[in-house]
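Notes for the one structure printed next.
Numbering (the working numbering), first residue to last: 402 to 957.
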């Protein structure tokens, strides 16, 4: 299972160079009576099976405090609305607070010397962390957890593998109210990520009575509905399936006190914008919202202005968006040689655990079929793959029975497997940020990784854009053992036609203009009246059309 903590041992983490946080002017500790009740009920014992309750309804007799009155969100408004009333009574705003920059040495003093116990987490949560072998928080955990426990809305920016799942997950268990169904909602972009995050959260809460359930497409609604009958306190869901369950009245969002959007940048990229707005608009009353993203775009900030209340912005990066532990190279290869080069790399370099990224599902299938015919043990992962097949592939990958996966960007977003050693960009992404997400699959938890990119002669500009974003010059990897094949006939013919057009363009003075008309012959022989009808020499030029109107030339 993927490590939700982002570290491998109890030593303090030092891989993130800079932590940046916008802190409130005065932070007040806010704990509701429900939170206090949950704290007193925390026995540290493993969860027990309880009788079923009605889905989405607050159980009677629990002594829960009445929440503040809900306030409607106008989803169609051009400008952000005032957020629902909260303890502070402040309206929704995304003010630019004073940025407090923390250097690597300062961050070490602030976070590395602190343990999870120093963050004030409850005993049952600390017991799970101890059982998993973790004592010290990562940078993002050390910054986000206190803000969430203090009742703040938070926007957290962190690279992949930094422990962000535990950063938002631990506060959910610490502040959870026992036997209140659907009180925490975690939205993720893909079904694989839903399964993965739910498993990680369950491990973090193994000594609490809090239950976790995943809701995603590709599995029957009835099967997931049966699981929801147990009244899980935490739901991990993809936006599309969640909306389906809400419309069927299988899930109610009236009890939601914590809404987490994990990888919100990717959810917006793949078209969940409307679903996210509808879901956030249905959550009423007093609640906290957390956005977690690898990048913070203007669209995310706009979403925060509408649905968050004075959010605290936490940025935890390594000085640049790229992963410093990844050894990156590009290989110059033309499109018709890419399959052979990939086969050569896989069979000669023998990478241990590899993800090969392609732009389209068709390329994923074609490449997988080609490599399988060549005898390479490889499987495909993309959006059209049936859920049972996807689960089988993921199981083989995690168990070490599969070493190469060909994936599309969307499907691989939830492909979170520990120990990825190589990432191969078979198709260079058009968006440089996608490249950053791709190579973030490797070099996790302090390990080193390798990333190779196939770059054709026409993609030099795209490679430069990636280097600018990553703040690194990616060196070329010479590979003399591979001999490129001949240029295909159709490519050769097209190049010849292009060369001819360019030559004619140069000779014609720019674009391919028609040859100039012959000069008028004004010799006496040319003006012989016998050559013109009626023996008359024209004194005016013939009319010609220009822009749909008839114009008459000047007399000669």
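For each residue, glycine too, the CB sits at the ideal point set by N, CA and C.
Predicted model, so just to flag it, every value in this text is computed and none were measured.
Skipping 5 residues on each side, what residues in its chain have a beta carbon closer than 6 Å to that of residue 740?
For the purposes of this step, residue 740 is taken as residue 339 along the chain shown, with counting starting at 1. Counting only Cβ-Cβ distances below 6 Å, and skipping sequence neighbours, we find 771.
Based on the DSSP output, what are the partners of residue 825 in its beta bridges?
Numbered from its first residue, the chain shown carries residue 825 at position 424. DSSP lists 757 and 853 as partners of residue 825.
Distance, Cα to Cα, residue 754 vs residue 785?
If you number the chain shown from 1, residue 754 lands on position 353. If you number the chain shown from 1, residue 785 lands on position 384. Answer to the nearest angstrom: the Cα atoms are 23 Å apart.
Can residue 907 be considered in contact with the ligand FMN, in the sense that its beta carbon sits closer than 7 Å to one or more heavy atoms?
No copy of the ligand FMN appears in this structure; indeed no ligand is present at all.
Considering residue 730, what are the terminal residues of the beta strand (DSSP E) in which it resides?
Within the chain shown, the letter at position 329 stands for residue 730. For residue 730, the enclosing beta strand (DSSP E) stretches over residues 727-733.
Looking only at its own chain, which residues have a Cβ that is under 6 Å from the Cβ of residue 844, when we skip the five neighbours before and after it?
Numbered from 1 along the chain shown, position 443 holds the residue referred to as residue 844. The answer, listed in chain order, is 724, 726, 727 and 850.
Where does residue 489 fall in DSSP's three states?
As a position in the chain shown, residue 489 is number 88, starting the count at 1. Any reading at residue 489 must be qualified, since the residue scores a pLDDT of 36, below 50, and its modelled position is unreliable; the value itself is stated next. Coil, per DSSP.
Taking all protein chains shown into account, do 16 or more other C-beta atoms lie within 10 angstroms of the C-beta of residue 761, making it buried, or fewer, making it exposed?
Taking the first residue of the chain shown as position 1, residue 761 is located at position 360. Exposed.
On the DSSP bridge list, what partners appear for residue 659?
Position 258 of the chain shown holds residue 659. The partner list for residue 659 (beta bridge, DSSP) reads 585 and 689.
Mind checking residue 858: buried by the 16 CB within 10 Å criterion, or exposed?
Here residue 858 refers to the residue found at position 457 when the chain shown is read from its first residue. Exposed, by the Cβ-count rule.
Taking residue 835 as the reference, give the member of 691, 631 and 758 with the closest Cα.
Position 434 of the chain shown, counted from the first residue, corresponds to residue 835. Between residue 835 and the set 691, 631 and 758, the nearest pair of CA atoms involves 758.
Which stretch, first to last residue, makes up the alpha helix (DSSP H) that contains residue 835?
If you number the chain shown from 1, residue 835 lands on position 434. 833-840 is the span of the alpha helix (DSSP H), which, as asked, contains residue 835.
Give the secondary structure of residue 789 by DSSP, where H, G and I count as helix, E and B as strand, and everything else as coil.
On the chain shown, position 388 is the one that residue 789 refers to. Residue state, collapsed to three classes: helix.
Three-state secondary structure (DSSP) at residue 475?
In the chain shown, residue 475 corresponds to position 74, counting from 1. In this predicted model, residue 475 has a pLDDT of only 36, less than 50, meaning its place in the structure is not dependable enough to derive any value.
Count the other C-beta atoms from every protein chain shown that fall within 10 angstroms of the C-beta of residue 597, then say buried if there are 16 or more, exposed otherwise.
By one-based count along the chain shown, residue 597 stands at place 196. Its Cβ being crowded by 16 or more others within 10 Å, residue 597 is buried.
What are the boundary residues of the alpha helix (DSSP H) that includes residue 597?
Along the chain shown, read from residue 1 onward, the residue named residue 597 stands at position 196. That run of the alpha helix (DSSP H) goes 592-605.
Check the C-beta distance from residue 729 over to residue 808 and give it rounded, since I have them as a contact under 8 Å.
Along the chain shown, one-based indexing puts residue 729 at 328. Along the chain shown, one-based indexing puts residue 808 at 407. At roughly 19 Å, the Cβ-Cβ gap does not stay under 8 Å, so residue 729 and residue 808 are not in contact.
Quick check on this structure: which residue in 551, 544 and 550 has the alpha carbon closest to the alpha carbon of residue 557?
The residue labelled residue 557 in the question sits at position 156 within the chain shown. Taking only the C-alpha atoms, the option nearest residue 557 is 544.
Would you give the residue range spanned by the alpha helix (DSSP H) that residue 625 belongs to?
Along the chain shown, one-based indexing puts residue 625 at 224. Start and end: 622-629.
If you check the beta carbons only, do residue 659 and residue 580 fall under 8 Å apart?
Position 258 of the chain shown holds residue 659. Position 179 of the chain shown holds residue 580. Against a cut-off of 8 Å, the Cβ pair of residue 580 and residue 659 comes out as no contact.
Please confirm whether residue 733 and residue 856 have their CB atoms less than 8 Å apart.
Here residue 733 refers to the residue found at position 332 when the chain shown is read from its first residue. Here residue 856 refers to the residue found at position 455 when the chain shown is read from its first residue. Taking 8 Å as the Cβ cut-off, residue 733 and residue 856 qualify as a contacting pair.
When the distance is taken between beta carbons, is residue 690 closer than 8 Å to residue 709?
Working through the chain shown from its first residue, we reach residue 709 at position 308. Working through the chain shown from its first residue, we reach residue 690 at position 289. Yes; because the gap between Cβ atoms is below 8 Å, this pair is in contact.
For the candidate residues 646, 564, 611 and 531, whose alpha-carbon lies nearest to that of residue 625?
As a working mapping, residue 625 is identified with position 224 in the chain shown. By alpha-carbon distance to residue 625, the top candidate from 646, 564, 611 and 531 is 646.
If I measure Cβ to Cβ from residue 698 and keep anything under 8 Å in the same chain, skipping five residues before and after, which residues do I get?
As a working mapping, residue 698 is identified with position 297 in the chain shown. Excluding residues within five positions, the ones whose Cβ falls inside 8 Å are 666 and 669.
Quick check on residue 714: buried or exposed, where buried means 16 or more other Cβ atoms within 10 Å of its Cβ?
Here residue 714 corresponds to residue number 313 of the chain shown, with the count starting at 1. Under this definition residue 714 is a buried residue.
When we look at the beta-carbon of residue 634 and count the other beta-carbons within 10 Å, is it buried (16 or more) or exposed?
As a first step, residue 634 is located in the chain shown; it is residue number 233 there, counting from the start. Burial call: buried.
Just confirm the distance between the C-beta atoms of residue 854 and residue 826, as a whole number of angstroms; I'd bet it's less than 8 Å.
Sequence index remark: in the chain shown, residue 854 carries index 453 (1-based). Sequence index remark: in the chain shown, residue 826 carries index 425 (1-based). The pair is a contact, with the Cβ atoms about 4 Å apart (cut-off 8 Å).
Taking residue 874 and residue 866 to be in contact with their CB atoms under 8 Å, please state how far apart those CB atoms are, rounded to whole angstroms.
As a first step, residue 874 is located in the chain shown; it is residue number 473 there, counting from the start. As a first step, residue 866 is located in the chain shown; it is residue number 465 there, counting from the start. Not really, about 13 Å apart at Cβ, beyond 8 Å.
In the structure shown, what three-state DSSP assignment does residue 577 receive?
Here the question's residue 577 lines up with position 176 in the chain shown. Of the three classes helix, strand and coil, the one that applies to residue 577 here is coil, per DSSP.
Tell me the rounded alpha-carbon separation between residue 518 and residue 649.
What you label residue 518 is simply residue 117 of the chain shown in a count that begins at 1. What you label residue 649 is simply residue 248 of the chain shown in a count that begins at 1. Roughly 42 Å separates the two Cα atoms.
Start and end of the beta strand (DSSP E) containing residue 557?
To locate residue 557, count along the chain shown from 1; it is residue 156. Per DSSP, residue 557 belongs to the beta strand (DSSP E) from 555-559.
Report buried or exposed for residue 787, applying the criterion of at least 16 other Cβ atoms within 10 angstroms of its Cβ.
Residue numbering aside, residue 787 sits at position 386 when the chain shown is read from its first letter. Exposed, by the Cβ-count rule.
On the criterion of 16 or more Cβ atoms from any shown chain inside 10 Å, does residue 570 qualify as buried, or is it exposed?
On the chain shown, residue 570 is found 169 positions in, with the first residue counted as 1. So residue 570 counts as buried.
With a 10 Å radius around its C-beta and 16 neighbouring C-beta atoms as the bar for buried, classify residue 884 as buried or exposed.
Along the chain shown, read from residue 1 onward, the residue named residue 884 stands at position 483. Flag for residue 884 reads exposed.
Could you have a look at residue 888 and say whether DSSP puts it in helix, strand or coil?
Taking the chain shown and counting its residues from 1, the one referred to as residue 888 is at position 487. Coil.
Report back the beta-carbon spacing between residue 563 and residue 540 to the nearest angstrom; my notes put them in contact at under 8 Å.
Your numbering for residue 563 matches position 162 in the chain shown. Your numbering for residue 540 matches position 139 in the chain shown. Indeed they touch by this definition, with Cβ atoms about 7 Å apart.
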